[in-house]
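**Student:** This is the structure I have questions about; it appears just below.
Residue numbers (the UniProt record's numbering): 1 to 397.
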């Protein structure tokens with residue numbers, strides 16, 4: 001564009017020189033005037049062309065400046081973009097760091113809250129466990145207390161029932177035993193040849209011994225007074241010879257009654273001493289004295305004496321034989337006779353096949369025995385006690 005404009009200017013300058021030459025060479029005034037006006041126009045046109053060239057140059061310069069400015073602007077824009085990118089990246093990095101830091105802080109807060117929550121839960125669980133354990137302990141204590149009370153009530157009721165049962169059985173059996181004893185003494189029967197009655201594991205040298213119990217002669221030594229015999233449950237009975245129940249008529253009921261009587265008997269707690277009766281029961285000089293507050297006449301008629309936890313009523317002449325012989329009713333002799341009878345009754349019951357085979361689980365009847373405790377006896381022979389009580393109650397009626 002500039003080159004074209006320069007050519008135009010050069011062409012106008014050439015035209016101006018030509019017109020100027022023609023104007024100088026023209027002779028006619030009109031021609032000169034014409035060439036002068038043409039020259040002025042050409043000069044004006046040249047001036048315009050020069051101005052246009054200047055404008056074009058300025059435009060080019062402006063373009064260049066504009067391009068430079070655009071380049072600079074682009075550079076600035078690129079620089080700003082780079083800076084912006086750097087700022088954005090930096091801000092992004094900072095934002096990421098802040099986000100990561102906030103995440104870490106949030107995680108720490110969450111972990112801390114979780115730890116606190118766990119601690120609270122554990123504390124609540126511990127408190128709940130303690131409350132549950134405390135409630136369980138209280139419940140156990142209540143249950144144990146209720147069980148103890150129930151046991152006490154049951155034991156009390158059982159004791160009452162046992163006492164009532166024993167009382168009723170004792171009353172019934174006492175009548176049967178005393179009746180049997182009177183019949184035996186009246187007939188002058190030989191109940192045994194040698195019986196020794198002591199408590200279990202007795203350490204005393206004193207023994208109650210009945211060597212022979214007949215209507216004509218009694219030999220009775222001092223009763224065992226060792227503490228083990230006085231406070232034990234039941235005596236340990238041993239029999240040296242086998243017993244013969246033929247003169248009894250082998251009445252099994254009497255043996256059962258004696259066995260029950262011994263089951264219910266308590267340990268002897270007083271000292272009984274009887275002297276030897278040297279005289280025959282039929283002699284006028286027959287004498288049997290007892291010590292410990294007993295006279296030769298014995299207790300008065302109708303009095304009650306406690307022996308083996310059952311009441312006995314004795315008289316001076318409790319029974320007599322068929323031949324008119326009297327039996328001295330000294331309390332010591334009566335106890336000796338009863339001990340002898342009970343020992344044989346025990347042995348008679350133990351010699352029954354249903355007892356030594358079914359209860360004791362033995363092939364042969366025992367020759368000696370040791371009584372079990374009262375609780376064991378009551379557990380094992382309650383049914384037998386009830387049956388015996390019913391049997392003797394029926395017999396009494």
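Backbone N, C-alpha and C fix where the C-beta goes; we use that ideal spot for every residue, glycine too.
None of the values given here were measured: they were computed from a predicted structure.
Should the region 4-14 be called in touch with the region 37-55, which here means at least 3 C-beta pairs below 8 Å?
**Tutor:** yes
**Student:** Report the option in 366, 353, 52 whose CA atom is closest to the CA atom of residue 7.
**Tutor:** 52
**Student:** How far does the alpha helix (DSSP H) with residue 354 in it reach, from first residue to last?
**Tutor:** Taken as a continuous stretch (DSSP letters only), the alpha helix (DSSP H) holding residue 354 covers 353-356.
**Student:** Would the beta-carbon of residue 402 fall within 8 Å of that of residue 21?
**Tutor:** Summary: the structure shown does not reach residue 402, with the chain confined to residues 1 through 397, and so no result is reported for it.
**Student:** Please report how far the alpha carbon of residue 140 lies from the alpha carbon of residue 134, in whole angstroms.
**Tutor:** The straight-line gap from Cα to Cα measures roughly 10 Å.
**Student:** Drop a sphere of 10 angstroms on the beta-carbon of residue 100, count the other beta-carbons inside from all chains shown, and report buried for 16 or more, exposed for fewer.
**Tutor:** Answer is exposed; the Cβ neighbour count stays below 16.
**Student:** Can you give me the C-alpha to C-alpha distance between residue 29 and residue 37, rounded to a whole angstrom?
**Tutor:** Separation of residue 29 and residue 37 (C-alpha to C-alpha, rounded to the nearest whole angstrom) is 12 Å.
**Student:** On the three-state DSSP scale, how would you describe residue 5?
**Tutor:** helix
**Student:** Compute the distance between the beta-carbons of residue 16 and residue 48, then report whether it is under 8 Å.
**Tutor:** no
**Student:** Rounded to whole angstroms, what's the CA-CA distance from residue 357 to residue 162? Just pull it up for me.
**Tutor:** 28 Å
**Student:** Taking only three categories from DSSP, how would you classify residue 120?
**Tutor:** helix
**Student:** By DSSP, does residue 364 sit in helix, in strand, or in coil?
**Tutor:** Reduced to three states, the DSSP call for residue 364 is coil.
**Student:** Take the Cβ of residue 19 as the centre, count every other Cβ of all protein chains shown within 10 Å, and call the residue buried at 16 or more, exposed below.
**Tutor:** buried
**Student:** Just mark residue 145 as buried or exposed, buried being the case when its beta carbon has 16 or more other beta carbons within 10 Å.
**Tutor:** exposed
**Student:** What would DSSP say about residue 28, mapped onto helix, strand or coil?
**Tutor:** coil
**Student:** Roughly how many whole angstroms lie between the Cα atoms of residue 137 and residue 116?
**Tutor:** 30 Å
**Student:** Quick check on residue 197: buried or exposed, where buried means 16 or more other Cβ atoms within 10 Å of its Cβ?
**Tutor:** Residue placement at residue 197 is flagged as unreliable, the pLDDT there being 41, under the threshold of 50; the coordinate-derived value follows with that caveat. Its Cβ being crowded by 16 or more others within 10 Å, residue 197 is buried.
**Student:** Do residue 5 and residue 76 have their C-beta atoms closer together than 8 Å?
**Tutor:** no
**Student:** What does the alpha-carbon distance come out to for the pair residue 394 and residue 164?
**Tutor:** 18 Å
**Student:** May I have the straight-line CA-CA distance separating residue 107 from residue 124, to the nearest angstrom?
**Tutor:** 24 Å
**Student:** In this structure, does DSSP put residue 359 in helix, strand or coil?
**Tutor:** coil
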